[in-house]
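Residue numbers (the working numbering): 2 to 374. Cβ coordinates follow ideal geometry from the N, Cα and C atoms, glycine included.
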Ligand SMILES: NC(=O)c1ccc[n+]([C@@H]2O[C@H](COP(=O)([O-])OP(=O)(O)OC[C@H]3O[C@@H](n4cnc5c(N)ncnc54)[C@H](O)[C@@H]3O)[C@@H](O)[C@H]2O)c1
């Protein structure tokens with residue numbers, strides 16, 4: 002089984018986190034890297050020992066002929082590069098978001114429908130330890146019916162909006178150069194995992210522009226998502242306001258319990274469950290339930306998992322991707338799950354333009370091989 006899956010990477014910066022997970026996996030071999038910026042490519046090749054280096058993505062696919070590719074290039078390349086790989090029968094692990102327009106979503110779904118290759122979106126926040134434990138408690142029925150969730154991604158990123166020479170980066174255009182909830186998946190992914198219904202309609206409003214008039218995105222943007230049975234999710238994304246970052250704020254409410262994640266460093270994650278907590282006013286630490294309910298993967302994680310990026314999330318999602326490629330189980334974040342996390346943010350751009358009007362989120366399971374629905 003050793004080195005069965007040949008893996009290539011697109012976008013040498015973010016690939017660094019994935020690299021460790023693929024390097025330590027006994028069934029994968031990293032064969033090629035692509036980055037159009039030659040100095041980054043060379044430095045990355047030197048640091049990793051990978052010798053097949055490319056500045057053009059499609060050339061890498063055709064010459065290195067990998068079995069799988071990790072698309073961790075800037076956001077606006079995710080869909081075109083994923084499609085190019087799927088059309089060649091190459092499996093795709095794509096960074097978030099899956100696409101930057103509704104049309105791209107249609108083309109991507111069409112490519113997935115027409116390809117035998119696996120597509121998985123790398124929403125690593127769903128693999129973080131507290132989020133995995135909350136999901137296990139939801140599965141075990143300890144929250145009862147879950148009907149409300151919140152997720153917040155508050156990450157002041159202005160230092161990444163320009164290159165050292167002052168020229169704008171992709172984040173300047175695609176993350177804060179568009180008004181709407183442009184980066185929702187880290188918040189929406191865990192909420193959807195706990196609410197267990199897809200978002201059917203959304204509304205988006207913002208604060209107006211306060212910090213920096215240069216950007217089109219309002220400082221704080223709120224995305225409300227409703228499911229078919231009226232469950233509600235509230236997503237807040239803010240990449241502009243001046244404040245210490247706080248990217249993993251979550252709340253969950255069910256008929257039998259509630260969860261509140263830590264908001265500041267040093268704080269704990271708190272939970273209250275009707276069946277376990279005798280005092281109706283006293284929260285208990287989430288870890289109280291670790292011994293009994295923590296899923297196997299997080300129980301005794303290898304050292305490299307704990308050291309991997311994003312609280313171990315990067316490591317565990319690579320495990321799931323390899324399992325999917327090997328046919329052991331379906332990818333947990335398949336194309337439709339990826340669309341349920343990506344489309345609400347794209348539709349939010351129209352909603353915020355129309356003053357928060359509620360708009361439908363298409364169900365991509367109804368989209369045929371030609372992407373029509
Ligand atoms: N899931 C997470 O936690 C997480 C964290 C960081 C970044 N990301 C995502 O990863 C992606 C990359 O982010 P980053 O922080 O590494 O950005 P970055 O700007 O630091 O680096 C992007 C790299 O991609 C290269 N690149 C540009 N065009 C390319 C192309 N056409 N093909 C291949 N490579 C290309 C650039 O030269 C650069 O080396 C983004 O989509 C971002 O949203 C996700």
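Ranked by how close their Cα comes to the Cα of residue 150, the residues 249, 319, 60 and 254 have 254 in first place. DSSP, read as helix, strand or coil, puts residue 283 in coil. When the alpha-carbon of residue 339 is set against those of 305, 270, 105 and 292, the nearest one is in 105.
Residue burial annotation: residue 121 is buried, with at least 16 other C-beta atoms found within 10 angstroms of its C-beta.
Residues of the same chain with a CB within less than 6 Å of the CB of residue 361, apart from the 5 flanking positions on each side, are 202 in chain order. For residue 205, the uninterrupted beta strand (DSSP E) run begins and ends at 200–207, by DSSP. Under the rule that a run must span 4 or more residues, the alpha helix (DSSP H) segments found entirely inside the region 5–89 read 16–25, 39–49, 58–65 and 76–88. A straight line joining the alpha-carbon of residue 275 with that of residue 319 spans about 36 Å.
One Cα belongs to residue 248, the other to residue 129, and the distance between them is close to 12 Å.
Per DSSP, reduced to three states, the secondary structure at residue 254 is strand. If you draw a straight line from the Cα of residue 35 to the Cα of residue 100, it is about 19 Å long.
Here residue 63 has 89 as same chain residues with Cβ atoms under 8 Å from its own Cβ, once five neighbours each way along the sequence are excluded. Contact annotation: the region 46–57 does not touch the region 76–85, with fewer than three C-beta pairs closer than 8 Å. Sequence-distant Cβ neighbours of residue 45 in its own chain, meaning closer than 6 Å and more than five residues away, are 13 and 34. Short of 6 Å from the beta carbon of residue 10, and not among the five residues preceding or following it, lie these beta carbons of its own chain, in chain order: 16, 34 and 71.
Here DSSP, grouped into helix, strand and coil, assigns residue 234 to strand.
For residue 212, no alpha helix (DSSP H) encloses it, and the DSSP letter there is neither H nor E.
In this structure, the C-beta of residue 215 stays at least 8 Å away from each heavy atom of ligand 1.
At least one heavy atom of ligand 1 falls within 8 Å of the beta-carbon of residue 38. A distance criterion of 8 Å places the beta-carbon of residue 78 in contact range of ligand 1, judged by its closest non-hydrogen atom. In this structure, residue 250 has its CB at a distance of at least 8 Å from all heavy atoms of ligand 1.
When rounded, the separation of the alpha-carbon atoms in residue 94 and residue 269 is 32 Å.
Counting along the chain, the unbroken alpha helix (DSSP H) around residue 318 starts and ends at 314–326.
With a beta-carbon spacing of about 19 Å, residue 287 and residue 193 fall beyond the 8 Å limit used to define contacts.
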